[in-house]
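Below is one structure, written out as structure tokens; the observations come after it.
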Amino acid sequence: MAEELDKVDVVVVGTGWAGGIVSAELAKAGKNVVALEKGEEKIRSDYIGVKDELRFDNRYDIMQNLKGDTVTSRNEIDETAMPIRSPQTMQIGIDTGGASVHWAGATYRYWPYEFEMRTQTIDRYGEEKIPDEMNLQDWGITYEEMEPYYEMWEDTAGIGGEQDPLAPERNKPWPNPPMKETPSLKLFKDAASNLGLHPYQLAAGNMTENYENPDGEQLNACMYCSYCTRHGCDFDAKSDPIATVVKTAKRHDNFELRHKANARRVLYDEDENRATGVLYVDENSGEEFEQPADVVVLAAFAFSNNRLLMLSDIGEQYDPETEEGTLGRNFNGQYNHAFHGATGFFENEKFNLYMGAGALGATLSDYAADNFDHSDLDFIGGGAIELRQYGFAAISSSNNVPEGTPGWGKEYKDTSLHYAYRTLTIWYTANAMSYSHNYVDLDPNYSDQYGDPLLRVTYKFGDNERNIAQFGIERCTEIMEEMGADIVEPGSVPDEFNHSYTGGHYTGGVVMGDDPETSVVNSYLQMWDVDNLFVVGGSAFPQHGGHHPTPTIGALAYRAAEGIQMYMDEVEGQLVQANSRRRSV
Numbered sequence: 112m113a114e115e116l117d118k119v120d121v122v123v124v125g126t127g128w129a130g131g132i133v134s135a136e137l138a139k140a141g142k143n144v145v146a147l148e149k150g151e152e153k154i155r156s157d158y159i160g161v162k163d164e165l166r167f168d169n170r171y172d173i174m175q176n177l178k179g180d181t182v183t184s185r186n187e188i189d190e191t192a193m194p195i196r197s198p199q200t201m202q203i204g205i206d207t208g209g210a211s212v213h214w215a216g217a218t219y220r221y222w223p224y225e226f227e228m229r230t231q232t233i234d235r236y237g238e239e240k241i242p243d244e245m246n247l248q249d250w251g252i253t254y255e256e257m258e259p260y261y262e263m264w265e266d267t268a269g270i271g272g273e274q275d276p277l278a279p280e281r282n283k284p285w286p287n288p289p290m291k292e293t294p295s296l297k298l299f300k301d302a303a304s305n306l307g308l309h310p311y312q313l314a315a316g317n318m319t320e321n322y323e324n325p326d327g328e329q330l331n332a333c334m335y336c337s338y339c340t341r342h343g344c345d346f347d348a349k350s351d352p353i354a355t356v357v358k359t360a361k362r363h364d365n366f367e368l369r370h371k372a373n374a375r376r377v378l379y380d381e382d383e384n385r386a387t388g389v390l391y392v393d394e395n396s397g398e399e400f401e402q403p404a405d406v407v408v409l410a411a412f413a414f415s416n417n418r419l420l421m422l423s424d425i426g427e428q429y430d431p432e433t434e435e436g437t438l439g440r441n442f443n444g445q446y447n448h449a450f451h452g453a454t455g456f457f458e459n460e461k462f463n464l465y466m467g468a469g470a471l472g473a474t475l476s477d478y479a480a481d482n483f484d485h486s487d488l489d490f491i492g493g494g495a496i497e498l499r500q501y502g503f504a505a506i507s508s509s510n511n512v513p514e515g516t517p518g519w520g521k522e523y524k525d526t527s528l529h530y531a532y533r534t535l536t537i538w539y540t541a542n543a544m545s546y547s548h549n550y551v552d553l554d555p556n557y558s559d560q561y562g563d564p565l566l567r568v569t570y571k572f573g574d575n576e577r578n579i580a581q582f583g584i585e586r587c588t589e590i591m592e593e594m595g596a597d598i599v600e601p602g603s604v605p606d607e608f609n610h611s612y613t614g615g616h617y618t619g620g621v622v623m624g625d626d627p628e629t630s631v632v633n634s635y636l637q638m639w640d641v642d643n644l645f646v647v648g649g650s651a652f653p654q655h656g657g658h659h660p661t662p663t664i665g666a667l668a669y670r671a672a673e674g675i676q677m678y679m680d681e682v683e684g685q686l687v688q689a690n691s692r693r694r695s696v
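Its first residue numbered 112, the sequence shown is counted upward by one per residue in this note's numbering.
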């Protein structure tokens, strides 16, 4: 029998950017907040001096153990989904700060078009441009409404960047200047400019100078050590929740963070139609606890937010046969085409690729969103073309060999040494649309260590994804050829999704909007069905934008925190009036 604890104002599940922001903002507002993190406690000193490529890049030390808790995956509705057990094909962040600790730092705002993609596509091209099976929908909020929350997150995170020449003019400058321009980035920019494009320095969550954020947290200038992605920063030089919002929340006596606290259910009073708290397991002792609260906030990874609602029997499960229901609908992510592009090998150029940072890069937006005419194209949407200098360590640099190189022996050794720092890759990170046949639900065959069903992902490519990937490969190849690479290897478009969840960018299932017929939460991420339950994170995205999701997750978390305070202090009920209409699919 679970032990019932003393009631608090708010219980938050998850401590990444979403949960950390909500916790910090509500603690600052004087609310009694308990945050539950199923991973272990991590502080900055856990990462000091740990420059270990094998441990973090190859053995995935700060990723979730998949033996007991994972997802199952399939392409077709009539297939049996199989569990994903290898960290090489599934990487989910865990411990304090969640996935936000191992993020690279690349920072983009989504475009005005992306928040109103259905409306603007119809206005410009007509409704026939949208495939019948595509669940394209607006977000229920505009870019203009989102901009103040983007600014809040960027100020907290200390983002350094410069104005994108094609983007809407910013109301205020980036908090910090951009990162350094290296020879490889200059080569990319020069080549793109020669082709009539508009390159600029990628905005970064890797600090370009010492910085104090609005909460008084100190961040240090990046040393370009190359250990960002899949690593925790040892110098407080990467904007993550440990260095910012979690630290801010912990300064307040009315905030408590519990680790190894695995949330299993949202407690729900059906008669009152209210969430009453969270049931969780203390994985240190095996004991179960009920944490009552006036407001419940699910701010975990997209997989977990979906699964917790389904296990708690809250919301109407999406049915792909009837296309009725909303929970689990529009699930997608950047796992299908985030790394398509072109790789170039240079004979007479050697770059200083041993140094780098997660978001040290150059990019361009000429092929993002609807910045180019799609009238004669067989897809809608777009994305960023970018070249990043992450920094190649010993193991990763050994993979820099052209196609056809033997996988072992003298020729492999000689070739890998030759091209270790002569290899550059350009990527196209494009929109991923939602479809009626892509969704998540509970798996009927596989369970976790507590006997709870695993989350099942049903996902297959749409033609839009294949066509936009091919378009991106061609554009990246043009730039790489202009850069003068001696060998240019274009990427390839896979026939079908191969169940590799390595990009870390998964979204949807608890999507936001202005219509309860097609969304689970409103623009404050408050559930339409349960007023005191907020679901914060990438799970709210109706479709995946053409850029990396972290800044938008952070911005939505600030808006959700504002909404929760409004709900608790001013408006006990729905914060947004529903715009109900017949679903158009």
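Built from N, CA and C at the ideal position, the CB exists for glycine as well.
Do you know whose CA, among the options, lies nearest residue i's CA?
| i | options | result |
| --- | --- | --- |
| residue 198 | 220, 228, 185 and 167 | 167 |
| residue 317 | 393, 221 and 471 | 471 |
| residue 178 | 503, 464 and 194 | 194 |
| residue 704 | 557, 222 and 118 | No answer is possible for residue 704: the residues shown for the chain start at 112 and end at 696. |
| residue 510 | 523, 678 and 500 | 523 |
| residue 587 | 231, 135, 262 and 495 | 495 |
| residue 689 | 665, 226, 162 and 635 | 635 |
| residue 747 | 663, 338, 618 and 119 | Residue 747 lies beyond the range of the chain shown here (112 to 696); nothing can be said about it. |
| residue 146 | 206, 188 and 169 | 206 |
| residue 413 | 404, 442 and 406 | 442 |
Distance, Cα to Cα, residue i vs residue j?
| i | j | result |
| --- | --- | --- |
| residue 694 | residue 628 | Residue placement at residue 694 is poorly supported in this model, since its pLDDT is 44, which falls under 50; the coordinates still yield a value, given next. If I take the Cα positions, the gap works out to 6 Å. |
| residue 398 | residue 392 | 6 Å |
| residue 467 | residue 426 | 45 Å |
| residue 624 | residue 637 | 11 Å |
| residue 683 | residue 385 | 12 Å |
| residue 143 | residue 479 | 42 Å |
| residue 396 | residue 330 | 36 Å |
| residue 304 | residue 584 | 18 Å |
| residue 139 | residue 363 | 7 Å |
| residue 192 | residue 610 | 10 Å |
| residue 681 | residue 335 | 47 Å |
| residue 437 | residue 562 | 25 Å |
| residue 216 | residue 434 | 37 Å |
Please return the same chain residues whose Cβ sits closer than 7 Å to the Cβ of residue i, not counting the five positions on each side in sequence.
| i | result |
| --- | --- |
| residue 594 | 298, 299, 302 and 455 |
| residue 258 | 282 |
| residue 113 | 390, 399, 400 and 401 |
| residue 517 | 523 |
| residue 372 | 147, 148, 149, 391 and 393 |
| residue 169 | 506 |
So that I know if they touch, is there some Cβ in chain D lying closer than 8 Å to that of residue i?
| i | result |
| --- | --- |
| residue 196 | Included in the structure is just one protein chain, with no chain D present. |
Could you name the residues of the same chain whose beta carbon sits closer than 6 Å to that of residue i, not counting the 5 residues immediately before and after it, in chain order?
| i | result |
| --- | --- |
| residue 440 | 429 and 550 |
| residue 481 | 224 |
| residue 592 | 599 |
| residue 418 | 566 |
| residue 230 | 249 |
| residue 475 | 303, 308, 309, 310 and 496 |
| residue 499 | 472 |
| residue 557 | 183, 194 and 565 |
Mind checking residue i: buried by the 16 CB within 10 Å criterion, or exposed?
| i | result |
| --- | --- |
| residue 196 | exposed |
| residue 156 | exposed |
| residue 320 | exposed |
| residue 459 | exposed |
| residue 264 | buried |
| residue 137 | buried |
| residue 234 | exposed |
| residue 483 | exposed |
| residue 325 | exposed |
| residue 295 | buried |
| residue 126 | buried |
Among the residues of its own chain, which have a CB less than 8 Å from the CB of residue i, if the five just before and after it don't count?
| i | result |
| --- | --- |
| residue 616 | 444, 445, 446, 449, 649, 655, 659 and 660 |
| residue 560 | 179 and 180 |
| residue 687 | 251, 625, 633, 634, 635 and 637 |
| residue 424 | 379 |
Practice task
Please go through the stretch 375-463 and give each complete beta strand (DSSP E) segment of 3 or more residues, from N-terminal end onward.
Solution key: 385-393, 399-409, 440-444 and 452-456
Handout entry: Length-filtered (3 minimum) beta strand (DSSP E) runs lying within the stretch 475-502
Key = 494-499
Practice task
Just list the alpha helix (DSSP H) runs in the stretch 254-286, keeping only unbroken ones of 4 residues or longer that don't cross its boundaries, in chain order.
Solution key: Qualifying alpha helix (DSSP H) stretches, in chain order: 254-268.
Exercise for the section: Only counting runs of 3 or more residues, tell me where the beta strand (DSSP E) segments fall wholly within the stretch 307-372, in order along the chain. Expected result: 310-312 and 366-370
Practice task
Scan the stretch 500-530 and note each continuous alpha helix (DSSP H) run of 4 residues or more that stays entirely inside, going in chain order.
Solution key: If we require 4 residues or more, the alpha helix (DSSP H) runs fully inside the stretch 500-530 come out as 505-508 and 521-530.
Problem - Start-end ranges of the alpha helix (DSSP H) lying completely within the stretch 135-186, minimum 4 residues - result: none
Handout entry: Whole alpha helix (DSSP H) elements within the stretch 206-252, 4-residue minimum
Key = 223-226 and 228-236
Practice task
Quick one: which unbroken beta strand (DSSP E) runs of 3-plus residues sit fully inside the stretch 585-655? Chain order, please.
Solution key: 598-601, 617-620 and 644-646
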